[in-house]
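So that you can map any letter, position 138 of the sequence shown is 142 in my numbering, and since no number is skipped, the others follow by simple counting.
Written below as structure tokens is the structure these notes are about.
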Amino acid sequence: MNYIRHLTAFFEKVAPDQVLNPTHISLYIALFQFWNFNRFRNPISISRDEIMRISKISSKATYHKCLKNLHALGYINYQPSYNPFKGSQVYMLNFSDELKPVSRSRSNTEPPGRQATDNHCTTSQTSTEQALIPSVNSINNTNPLNNENGDTQASDPEQEIQPDQQYHPPDTSKEKKLRAKKKGFTPPELSELKEYFRTKDYPEMEADKFYNYFSSNGWLVGGKTPMKDWQAAARNWILNTPKYNNHGYTTPTSDRTRNLSTTTGKNYAEPL
């Protein structure tokens with residue numbers, strides 16, 4: 005049995021069949037694999053679990069339905085075994101003898117002179133079309149318009165540059181602006197802060213407080229928003245400082261250290 009001719013005939017038979025779907029074909033290939041293991045002897049005993057595993061069929065109902073369809077359409081001869089301890093039997097039909105021979109394009113009975121003349125005419129007439137339709141397989145086609153466009157471009161490889169197509173240098177000002185935006189916020193130095201507070205007639209101690217506070221929290225305004233302008237934050241710091249320094253605001257002190265009214269200098273020589 006020539007399995008290549010068999011599979012070729014099988015797929016030629018499957019192509020016009022409107023009943024079969026990919027599940028039927030997958031099941032048949034799994035059965036063919038079992039048939040190959042048995043050296044193409046009939047019948048073959050099949051295992052449902054193995055056939056379903058190879059054919060990638062998950063449903064038992066689909067498996068039995070496809071087996072019955074292949075049997076009804078004449079692809080196999082299915083003889084189910086209703087005994088759970090005995091596998092069903094399948095007769096695989098040989099399609100290698102049903103393969104149709106390839107028809108020759110020209111009869112050999114024609115005179116040699118006529119064949120040479122016809123071949124010359126056919127070659128001269130279709131040479132342009134053959135150049136426009138390259139193919140890997142005999143059924144592949146390409147768009148002739150793409151090839152015509154390619155020929156047009158190839159015929160004029162060196163095109164003159166039009167005035168409106170001349171090279172224009174890129175605008176570097178936009179690039180600089182984008183770089184400045186991407187660069188983001190840069191924390192100031194302590195010396196910058198002291199100089200800025202000095203110009204605002206404010207003590208350098210406040211500059212130290214400002215620097216220590218924001219450098220400790222990662223330069224976040226309100227503990228959440230990243231700082232964008234440290235000078236604006238410094239002005240806001242200067243405006244809010246009088247709230248805490250004026251209006252008699254004092255830091256509350258704890259009374260825990262004064263809970264006993266005793267003197268620190270004690271004379272332990274005095275009797276109680």
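For every residue, glycine included, the Cβ atom is placed at its ideal position computed from N, Cα and C.
Remember, it's a predicted structure, so these values are computed and weren't measured experimentally.
DSSP three-state label for GLN235, please.
As a first step, residue 235 must be located in the sequence shown, where it is residue number 231. In this structure, GLN235 counts as helix in the three-state DSSP scheme.
Could you pull out every residue in the same chain whose Cβ sits closer than 8 angstroms to the Cβ of SER30, ignoring the five residues on either side in sequence?
Against the sequence shown, residue 30 aligns to sequence position 26. Contacts found: SER59, LYS60 and ILE61.
Rounded to whole angstroms, what's the CA-CA distance from PRO26 to GLY188? Just pull it up for me.
By one-based count along the sequence shown, residue 26 stands at place 22. By one-based count along the sequence shown, residue 188 stands at place 184. Rounded to the nearest whole angstrom, the C-alpha separation of PRO26 and GLY188 is 60 angstroms.
Please report the residue range of the alpha helix (DSSP H) in which MET209 lies.
By 1-based counting over the sequence shown, the position of residue 209 is 205. Counting along the chain, the alpha helix (DSSP H) containing MET209 begins and ends at 208-220.
Near VAL225, what residues of its chain come up, given a Cβ to Cβ distance below 6 angstroms and the 5 sequence neighbours on each side ignored?
Here residue 225 corresponds to residue number 221 of the sequence shown, with the count starting at 1. So the qualifying residues of the chain are MET231.
Whole-Å CB distance - SER51 paired with GLY91, under 8 angstroms assumed
For the purposes of this step, residue 51 is identified with residue 47 of the sequence shown, where counting begins at 1. For the purposes of this step, residue 91 is identified with residue 87 of the sequence shown, where counting begins at 1. Indeed, because the Cβ distance is near 6 angstroms, the residues count as touching under 8 angstroms.
Does the ligand COA have even one heavy atom less than 6 angstroms from the beta-carbon of PHE218?
Inclusion of the ligand COA in the displayed structure is not the case, the ligand content being empty and no account of it being possible.
Closest to ARG45 by CA distance: which of GLU54, PHE89 and LEU35 is it?
Residue mapping note: residue 45 aligns to position 41 of the sequence shown, counting from 1. Ranking the options by Cα distance to ARG45, first place goes to LEU35.
Figure out for me which residue from ILE8, LYS270 and TYR200 has the closest Cα to the Cα of ILE242.
The count along the sequence shown starts at 1 and reaches residue 242 at position 238. Taking only the C-alpha atoms, the option nearest ILE242 is TYR200.
Is the CB-CB distance between ASN42 and ILE48 below 7 angstroms?
Numbered from its first residue, the sequence shown carries residue 42 at position 38. Numbered from its first residue, the sequence shown carries residue 48 at position 44. Yes, these two residues count as a Cβ contact at 7 angstroms.
For TYR79, name the three-state secondary structure that DSSP assigns.
In the sequence shown, the residue the question calls residue 79 occupies position 75. Residue state, collapsed to three classes: coil.
Could you give the C-beta distance for LYS98 and HIS10, rounded to a whole number, given that I count them as a contact under 8 angstroms?
Walking along the sequence shown from the start, residue 98 turns up at place 94. Walking along the sequence shown from the start, residue 10 turns up at place 6. Checking the displayed sequence, the identity of residue 98 turns out to be Asn instead of Lys. Confirmed, about 6 angstroms.
Contact set for ALA13: own chain, Cβ-Cβ below 7 angstroms, skip 5 residues either direction
Within the sequence shown, the letter at position 9 stands for residue 13. Closer than 7 angstroms at Cβ, skipping near neighbours: PHE99, SER100, GLU102 and LEU103.
Pull up the distance between the alpha-carbon of TYR79 and that of GLU54, whole angstroms please.
Your numbering for residue 79 matches position 75 in the sequence shown. Your numbering for residue 54 matches position 50 in the sequence shown. In a straight line, the C-alpha of TYR79 is about 20 angstroms away from that of GLU54.
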